[in-house]
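In our numbering, the protein residues as written are 119 to 547. Where is the CB? At the ideal position from N, CA and C, for every residue including glycine. Given the structure is predicted, the values throughout are model-derived calculations rather than measurements. Structure, as structure tokens:
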Ligand SMILES: *Cc1c(COP(=O)(O)O)cnc(C)c1O
């Protein structure tokens, strides 16, 4: 098949797919399948690409952990200079375990509970992005109780028209659960200025993921700028504007590349107009192209006029195809040269368990290895143990070196937290 998303970091040598200088066959032999493999080089390139696009603008890039929260990946990004962006107490824990200082962590999310808010205040995170008046009031009481002042960003829903490849990844349009509705924004800002224990430090938006054009950013930035002027007149001293994530990634040839110039012009103008530092929360853009999921073909089957390749990775390992109808290029690690039209499906007992449908691709036989490309973001992190399938391993490659950074889960791990012999509490006494 054509090269598609293959690039310098994922290329064939002597007919075999390599990640940087390491053969995918070697990794599969030593670590088994399914396994996620990440290229450190791609992550470095992506980080530098975005940071150079924004070089004229005072800014900080905060990697969004929900895209890939492996601590080795996080450490790599931290060493490049990234901060972290987390949406749960668990992600805050992971970020700190990976060495991020609290002052380099943003805490967001639509449903933080009281415990998580308390953890964020106690840690002293850089910014808590608040999504409702009720959350702001709860945070104020928690901060007061702890004798602290929480630096707060208000995540505004600018209610712009957002076009994404799947409805589940649009977040900044009217009526979405995310953010403070535009009409309530000023009212919330006034509350933030009045409430004890709160410093209104930022305005924030996150419009969605895989945004094909910069238009939504332009419209969102206009609204944020307008609101910033109003809250400043009301007495706020904003330190940051946070424009969220959303930069697109190319999953197949022909997908849009980010318009870095257009993007930098919009977000740079916003930072300049508001006199603040720009915060960016990229997730997918930093890691998607860094990863492949290696899997092995178990069987071929012909059924109902269709040809199936049944492989040892399923929807529990990579949910994106079934959850978002997402396209991931799939190649044989050692192509035979023949092609076929295949449904690539996993072992999970669900008809929705597929990695590709009706796909013209390398023909594959039982025992062959395949690579599911662009799987570094929203891959392992969305996995589950459904069907009691142990989670896959994760490997990082750096030049000629590779390391297992998450061991393959074992059967014993599947029952570790369970009690087969219940310890009863008696509610009748
Ligand atoms: C998911 C998310 C991001 C990252 O989005 P990408 O499209 O992966 O860049 C950033 N900020 C918030 C608040 C998010 O929920």
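Query, Result
"Using the Cα positions of residue 435 and residue 471, report the straight-line distance between them to the nearest angstrom.", "10 Å"
"Can you say whether residue 420 is buried or exposed, counting buried as having 16 or more other CB atoms within 10 angstroms of its CB?", "exposed"
"Reducing DSSP to helix, strand and coil, say where residue 467 ends up.", "coil"
"Under the criterion of a Cβ to heavy atom distance below 8 Å, does residue 167 qualify as lining ligand 1?", "no"
"Determine the closest residue to residue 373 out of 381, 351, 229, 329, with distance taken between C-alpha atoms.", "329"
"Applying the 10 Å Cβ sphere with the 16-neighbour rule, what's the burial state of residue 566?", "The structure shown does not extend to residue 566, since the chain is modelled only from 119 through 547, so no value can be given for it."
"Within the continuous beta strand (DSSP E) that includes residue 479, where are the two ends?", "472-480"
"Report the start-end ranges of each alpha helix (DSSP H) in the segment 139-180 that is 4 residues or longer and not cut off at the edges.", "142-149, 158-171"
"Take residue 387 and list the residues in its own chain whose beta-carbon comes closer than 6 Å to its own, dropping the five residues that flank it on each side.", "none"
"For residue 315 and residue 224, I'd like the C-alpha separation in whole angstroms.", "18 Å"
"What do you reckon, is the C-beta of residue 377 under 8 Å from a heavy atom of ligand 1?", "no"
"Below 8 Å on the Cβ atoms is my contact criterion, and I expect residue 200 with residue 516 to pass it. Report the Cβ-Cβ distance as a whole number of Å.", "Not a contact, Cβ separation roughly 17 Å."
"In three-state terms, what does DSSP make of residue 301?", "helix"
"Below 8 Å, is the gap between the Cβ of residue 284 and the nearest heavy atom of ligand 1?", "no"
"Tell me where the alpha helix (DSSP H) around residue 282 begins and ends.", "Here residue 282 belongs to no alpha helix (DSSP H), and DSSP marks it neither H nor E."
"Let me know the secondary structure DSSP gives residue 515 once reduced to three states.", "strand"
"Check each candidate in 489, 299, 313 and name the one with the smallest Cα separation from residue 322.", "299"
"Could you check whether residue 452 and residue 135 sit closer than 9 Å to each other, using their CB atoms as the reference points?", "yes"
"Give me, in chain order, the residues of the same chain whose beta-carbon lies closer than 7 Å to that of residue 196; leave out the 5 immediate sequence neighbours on both sides.", "216, 217, 218"
"If you measure from each residue's Cβ to the nearest non-hydrogen atom of ligand 1, which ones come out under 5 Å, in chain order?", "182, 185, 226, 324, 327, 362, 363, 364, 399, 400, 401, 402"
"Counting along the chain, where does the alpha helix (DSSP H) carrying residue 352 start and finish?", "No alpha helix (DSSP H) contains residue 352, which DSSP labels as neither H nor E."
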